[in-house]
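Q: Would you mind keeping the following structure in view while I ask a few things?
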Amino acid sequence: MRDRLRQYVLLMRLNKPIGTFLLLWPTLWAMWIAAEGKPSLAVFIVFTLGVFVMRAAGCVINDFADRKIDPHVTRTRARPLALGQVSPREAIWLFIGLCLIAFGLVLFMNALTIKLAFVGVFLAFIYPFMKRHTYLPQVFLGLAFGWAVPMVFAAQTGEVPQLAWLLLTGTVLWATAYDTMYAMVDRPDDLRIGVKSTAVLFGDADRLVIGLIQALLILVLLLVGRHTESGLFYYLGVLGAVGLSIYQQYLIRNRQPAACFKAFLNNNWLGAVVFAGIVIDFRWG
3 MRDRLRQYVL
13 LMRLNKPIGT
23 FLLLWPTLWA
33 MWIAAEGKPS
43 LAVFIVFTLG
53 VFVMRAAGCV
63 INDFADRKID
73 PHVTRTRARP
83 LALGQVSPRE
93 AIWLFIGLCL
103 IAFGLVLFMN
113 ALTIKLAFVG
123 VFLAFIYPFM
133 KRHTYLPQVF
143 LGLAFGWAVP
153 MVFAAQTGEV
163 PQLAWLLLTG
173 TVLWATAYDT
183 MYAMVDRPDD
193 LRIGVKSTAV
203 LFGDADRLVI
213 GLIQALLILV
223 LLLVGRHTES
233 GLFYYLGVLG
243 AVGLSIYQQY
253 LIRNRQPAAC
263 FKAFLNNNWL
273 GAVVFAGIVI
283 DFRWG
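Going by my numbering, the residue at position 204 of the sequence shown is 206; the numbering climbs one at a time, nothing skipped.
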């Protein structure tokens, strides 16, 4: 039983929280902005727990979709489904169970939030299969990760204003940039076995395109700041994001897998810096 639970922990990636943080940061950005710095405790609890649960669910369905691919990729060949430590049927039941927990959480929110939750589950389900049909699975990841943004606005304010869609756009851009860095790690294996990704699509233009996407993210953050009439501390957070984006470009300059993975991980700090700017600006701005 203990070994079985350990395999489930590995399958849900509870031992690797970076994905949870990358999903959490834009959720918190939206939560503080929607509530003008004073989010509801209920909204905070539901969405924070929901982030952990849905990220775990996303990892499970991702590994289910990739169960015949992962054994051929250096980075993923030791995952539980790839090794046969967890059966596909177990993975599906675990995914369903996690989605039911998340749905139970969202039932504490209003009707609009509940309706949007169905879209979120759909995006989480289809994302892992996109790499078979499109070179843009990273964009679908951004939509899946960013869908919490309109949900938070709906839960906090009862509506989804234009600002929410702008912030969702920024989240999709950010996820596309950092997940392309992540995909650069697997690109040799992906090319060999025919898996599609933005890293494969962009080819030798990968660093340039990532840089352009990062620039668009900064532009969106500036537009968000203008829309919310934010002050100095918010823009200092955005400036921090600019500095970290430049550092990430430095890391991926030679396309070394370890450095690309380090650049991907560095995005946790980018999310944290932007969130710190938002919180401090609402508190003391």
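Here a beta-carbon is modelled for each residue, glycine too, at the ideal position from N, C-alpha and C. Being a predicted model, the structure only gives us computed values, none of them experimental.
From Gln158, Pro90 and Gln140, pick the residue whose C-alpha is nearest to that of leucine 114; which is it?
A: Within the sequence shown, the letter at position 112 stands for residue 114. It is Gln158.
Q: Between the Cα of glycine 52 and those of Thr22, Leu138 and Pro41, spot the shortest distance and give me the residue it belongs to.
A: As a first step, residue 52 must be located in the sequence shown, where it is residue number 50. For glycine 52, the nearest C-alpha among the options comes from Thr22.
Q: Looking at the secondary structure, which residues open and close the alpha helix (DSSP H) in which serine 199 lies?
A: Mapped onto the sequence shown, residue 199 falls at position 197. Run containing serine 199: none; DSSP gives neither H nor E here.
Q: Pair every Cβ in the region 108-127 with every Cβ in the region 227-242, then say whether three or more of these pairs are closer than 8 Å.
A: With a cut-off of 8 Å, the region 227-242 and the region 108-127 do not count as touching, because too few Cβ pairs lie within range.
Q: Given a cut-off of 8 Å, decide if valine 281 and tryptophan 34 are closer than it, judged by their beta-carbon atoms.
A: As a first step, residue 34 is located in the sequence shown; it is residue number 32 there, counting from the start. As a first step, residue 281 is located in the sequence shown; it is residue number 279 there, counting from the start. Going by C-beta atoms, tryptophan 34 is nearer than 8 Å to valine 281.
Q: Would you call the region 10-25 and the region 54-65 touching, i.e. three or more CB-CB distances under 8 Å?
A: Cβ pair count under 8 Å is three or more, so yes.
Q: Mind reading off the beta-carbon distance from valine 48 to valine 88? Whole number of angstroms is fine, and I expect it under 8 Å.
A: By 1-based counting over the sequence shown, the position of residue 48 is 46. By 1-based counting over the sequence shown, the position of residue 88 is 86. Incorrect: roughly 29 Å between the Cβ atoms, too far for contact.
Q: Okay, do the region 172-183 and the region 142-153 touch, 3+ Cβ pairs below 8 Å being the bar?
A: Contact between the region 172-183 and the region 142-153 is present, because at least three Cβ pairs lie under 8 Å.
Q: What do you get for valine 11, buried or exposed, if any count of 16 or more other CB atoms within 10 angstroms of its CB means buried?
A: Residue 11 sits at position 9 when you count from the first residue of the sequence shown. Classification of valine 11: exposed, given that the 10 Å Cβ count is below 16.
Q: Can you list, in chain order, the residues of its chain with a C-beta nearer than 7 Å to that of leucine 30? Leave out the 5 residues immediately preceding and following it.
A: Residue numbering aside, residue 30 sits at position 28 when the sequence shown is read from its first letter. Excluding sequence neighbours, leucine 30 sits near Phe277.
Q: Alpha carbon to alpha carbon, what distance is there between proline 90 and alanine 156?
A: Locating residue 156 in the sequence shown gives position 154, counting from the first residue. Locating residue 90 in the sequence shown gives position 88, counting from the first residue. Computed Cα separation, rounded: 35 Å.
Q: Where does histidine 291 sit, in a helix, a strand or coil, going by DSSP?
A: The structure shown does not extend to residue 291, since the chain is modelled only from 3 through 287, so no value can be given for it.
Q: With a threshold of 6 Å on Cβ separation, who are the neighbours of valine 187 within its own chain once the five nearest residues in sequence on each side are excluded?
A: Start at 1 with the first residue of the sequence shown, and residue 187 comes out as number 185. The answer, listed in chain order, is Pro259, Cys262 and Phe263.
Q: Tell me, to the nearest whole angstrom, how far the beta carbon of valine 211 is from that of lysine 133; I am working on the premise that it is less than 8 Å.
A: What you label residue 211 is simply residue 209 of the sequence shown in a count that begins at 1. What you label residue 133 is simply residue 131 of the sequence shown in a count that begins at 1. The pair is not a contact, with the Cβ atoms about 18 Å apart (cut-off 8 Å).
Q: Answer yes if the region 243-251 comes into contact with the region 203-217, meaning at least three C-beta pairs across the two stretches below 8 Å, and no otherwise.
A: Output reads yes: the region 243-251 touches the region 203-217.
Q: Taking the alpha-carbon positions, what's the isoleucine 254 to isoleucine 71 distance?
A: One-based indexing of the sequence shown puts residue 254 at position 252. One-based indexing of the sequence shown puts residue 71 at position 69. Cα to Cα, the separation comes out at about 25 Å.
Q: If you compare alpha carbons, which of Arg77, Trp271, Asp283 and Gly227 is closest to leucine 25?
A: Counting from one through the sequence shown, the residue named residue 25 turns up at place 23. The candidate whose alpha carbon is nearest that of leucine 25 is Trp271.
Q: Less than 8 Å between the beta carbons of valine 45 and valine 154, yes or no?
A: Walking along the sequence shown from the start, residue 45 turns up at place 43. Walking along the sequence shown from the start, residue 154 turns up at place 152. Yes. Within cutoff.
Q: Kindly say whether alanine 119, judged by its beta-carbon, lies nearer than 8 Å to any beta-carbon of chain D.
A: You won't find chain D in this structure, because it holds only one protein chain.
Q: Which one of Gln9, Glu38 and Arg8 has the shortest CA to CA distance from tryptophan 286?
A: Working through the sequence shown from its first residue, we reach residue 286 at position 284. That would be Glu38, whose Cα lies nearest to the Cα of tryptophan 286.
Q: With a threshold of 16 other CB atoms inside 10 Å of the CB of tryptophan 95, please say whether the residue is buried or exposed.
A: For the purposes of this step, residue 95 is taken as the residue at position 93 of the sequence shown. So tryptophan 95 counts as exposed.
Q: Check each candidate in Leu203, Trp167, Asp65 and Phe204 and name the one with the smallest Cα separation from valine 226.
A: Here residue 226 refers to the residue found at position 224 when the sequence shown is read from its first residue. Ranking the options by Cα distance to valine 226, first place goes to Trp167.
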